[in-house]
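Report on the following structure.
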Amino acid sequence: MSKSRSTRKSGQAEIERLQRRLSELEETLRAIRGGEVDALIISEGDANRVYTLQGAEHPYRVMVEAMNEGSATLTNDGIILFANPRLMEMLGIGEEELIGKSLRDLIKYIDCDNIDDLLKLIEKKPTKVECTLHVKGDGAVPVYLSFSPLKENGFNGVCLIVTDLTGQKRREEQLAQANESLRSEVSQRLRAEEALRQEEESLRQLSARLLMLQDEERRRIARDLHESTGQKVAALCLDLTLATRQADLLPPSARDTLQHCSALAEEITTDIRTLSYLLHPPLLDEVGLRSAARWYVDGFTRRSKIEVNLNLPSRLPRMHQDVEIALFRILQESLNNVHRHSGSKVAHVTIASTDHSVTLQVEDKGRPTAQQSQRLTDKQAAMLGVGIRGMRERVRQLGGKLEIHSTHNGTTIKATLPLRSTRENRESA
2 MSKSRSTRKS GQAEIERLQR RLSELEETLR AIRGGEVDAL IISEGDANRV YTLQGAEHPY
62 RVMVEAMNEG SATLTNDGII LFANPRLMEM LGIGEEELIG KSLRDLIKYI DCDNIDDLLK
122 LIEKKPTKVE CTLHVKGDGA VPVYLSFSPL KENGFNGVCL IVTDLTGQKR REEQLAQANE
182 SLRSEVSQRL RAEEALRQEE ESLRQLSARL LMLQDEERRR IARDLHESTG QKVAALCLDL
242 TLATRQADLL PPSARDTLQH CSALAEEITT DIRTLSYLLH PPLLDEVGLR SAARWYVDGF
302 TRRSKIEVNL NLPSRLPRMH QDVEIALFRI LQESLNNVHR HSGSKVAHVT IASTDHSVTL
362 QVEDKGRPTA QQSQRLTDKQ AAMLGVGIRG MRERVRQLGG KLEIHSTHNG TTIKATLPLR
422 STRENRESA
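Just so we're aligned: 248 in this note's numbering is position 247 of the sequence shown, and the numbers increase by one with no gaps anywhere.
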């Protein structure tokens with residue numbers, strides 16, 4: 002009887018304890034739903050674990066609720082205990098669907114072997130990874146996850162910050178597209194520049210060919226004038242001389258006409274000889290630049306009445322034909338510019354050579370031919386006429402350098418050419 006009474010009392014006590022426990026759990030759930038207590042019950046088999054979030058959430062609750070990045074508090078094994086509104090918005094799910102879920106259920110891909118290894122790594126130090134999160138509707142959000150160990154008031158867990166990379170990825174794609182467009186534009190521009198360079202090279206080759214043909218044509222015309230037309234005019238002068246010796250038999254008017262024709266024939270002979278020599282002086286081929294330059298300067302002085310001081314080395318070695326022709330043409334054009342443009346009454350011509358180069362310099366004391374005290378660019382030099390452009394092209398084709406310097410005191414033209422073979426000069430150019 003006593004044993005039965007004791008059993009009933011023990012059973013009654015257990016029922017009362019279970020009722021109190023049930024009452025406590027109901028009160029706890031009510032408080033959680035009403036927001037009065039921050040806690041979460043996690044079922045683990047036959048037992049339950051209750052996590053209170055007051056210690057873990059309190060230090061940063063106000064901040065994380067309003068921040069623009071997703072934030073969550075996790076247990077050490079990856080269970081989500083708390084999530085701010087921004088994280089829920091990013092995932093497209095509510096609090097009741099998110100709280101209590103494992104991080105494994107949300108991460109589609111992460112830069113580590115598995116979540117367990119990641120969580121173990123987080124216990125030692127903060128960790129950052131980039132991955133993709135599942136969102137409602139089978140979507141995906143590229144995110145940057147920043148994990149930090151969280152220890153507060155006896156709570157050991159993990160603080161998670163989730164940064165949405167959608168905008169950044171979009172900007173990266175836009176930047177990649179812009180870079181690709183820029184690369185395409187640069188490639189097109191490089192192709193256009195290469196085409197332009199090839200066209201310029203073709204024009205230089207054409208210009209060199211034209212200069213060479215011009216020199217050959219001048220040489221041919223000079224030879225024809227000297228050997229054909231000049232000989233005919235010389236024969237005419239001879240016949241007129243013979244006729245003049247018998248002029249006593251002619252009327253006075255006929256004698257005067259005959260003498261006039263004879264004088265004109267002599268002048269024509271002189272003009273043809275001069276023109277022939279100017280087109281291509283035979284001295285240039287026969288004895289070289291030194292003699293041809295002296296002959297040309299003497300004739301220029303007589304024709305223009307401009308005093309030219311010629312400074313030549315005592316010995317000037319023979320150079321390649323292209324080099325001597327180029328220097329002679331530059332000398333011609335420079336002195337012609339002095340006569341036509343500068344108004345100077347004096348000019349200085351200097352020719353000097355070294356073992357590797359030869360230099361021709363022509364100076365005048367007249368008015369400048371371009372902006373004062375300024376070196377002439379290709380465009381400015383081109384404005385002076387075809388002659389200057391021809392000089393530049395001759396020098397360029399031979400791998401040399403042409404300088405034009407104009408000041409209040411006059412203009413100086415200086416051409417420097419290397420003493421190399423024609424083929425080497427052209428390949429260098």
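In this text, a Cβ means the ideal position worked out from N, Cα and C, and glycines have one as well.
Please report how far the alpha carbon of Asp356 lies from the alpha carbon of Leu418, in whole angstroms. 12 Å
What does the alpha-carbon distance come out to for the pair Leu361 and Val309? 14 Å
Along the chain, which unbroken stretches of the beta strand (DSSP E) at least 3 residues long are found entirely within the segment 305–363? 308–312 and 347–354
Leu197 to Glu186 span [Cα, whole Å]: 16 Å
Kindly indicate the opening and closing residues of the beta strand (DSSP E) around Leu241. Note, Leu241: premise wrong, no beta strand (DSSP E); alpha helix (DSSP H) at Gly231 to Arg246.
Which whole-angstrom value describes the C-beta separation of Ile108 and Leu134, a residue pair presumed to lie in contact below a C-beta threshold of 8 Å? 7 Å
In angstroms with no decimal places, state the Cα-to-Cα distance between Arg224 and Ile405. 33 Å
Same chain only: Cβ atoms within 8 Å of Met91, ignoring 5 sequence neighbours per side: Gly71, Leu134, Val136, Val142, Val144, Val163 and Asp165
Can you tell which of Ala353, Ile352, Ser354 and His342 has its C-alpha closest to the C-alpha of Asp365? His342
In terms of alpha-carbon separation, which member of Glu195, Glu124 and Phe329 lies closest to Lys152? Glu124
For Asn85, does the three-state DSSP call read helix, strand or coil? coil
Since Asp165 sits in a beta bridge, which residues does DSSP pair it with? Val144
Would you check if the segment 331–340 and the segment 286–302 touch, i.e. whether three or more CB-CB distances between them fall below 8 Å? yes
Under a Cβ-count criterion, where at least 16 other Cβ atoms within 10 Å of its own Cβ denotes burial, should Gly168 be classed as buried or exposed? exposed
Helix, strand or coil for Asn180 per DSSP? helix
Supposed close pair Gly411, Ser345 - CB separation, criterion 8 Å: 6 Å
Buried or exposed: where does Gly140 fall if 16 or more other Cβ atoms within 10 Å of its Cβ makes it buried? exposed
Let me know if Ile16 comes out buried or exposed under the rule of 16 or more other beta-carbons within 10 Å of its beta-carbon. exposed
What residues match up with Leu71 in a beta bridge as DSSP calls it? Looking at the sequence provided, one finds Gly at residue 71 rather than Leu. DSSP output for Gly71 lists Val163 as bridge partner(s).
Of the residues Ser188, Leu239 and Gly79, the one placed nearest Thr270, counting alpha carbons only: Leu239
Buried or exposed for Gln189, please, with buried defined as at least 16 other CB atoms from any protein chain shown within 10 angstroms of its CB. exposed
Counted within 10 angstroms of its Cβ, other Cβ atoms place Gln13 as buried (16 or more) or exposed: exposed
At which residues does the alpha helix (DSSP H) containing Pro253 begin and terminate? Pro253 to Leu280
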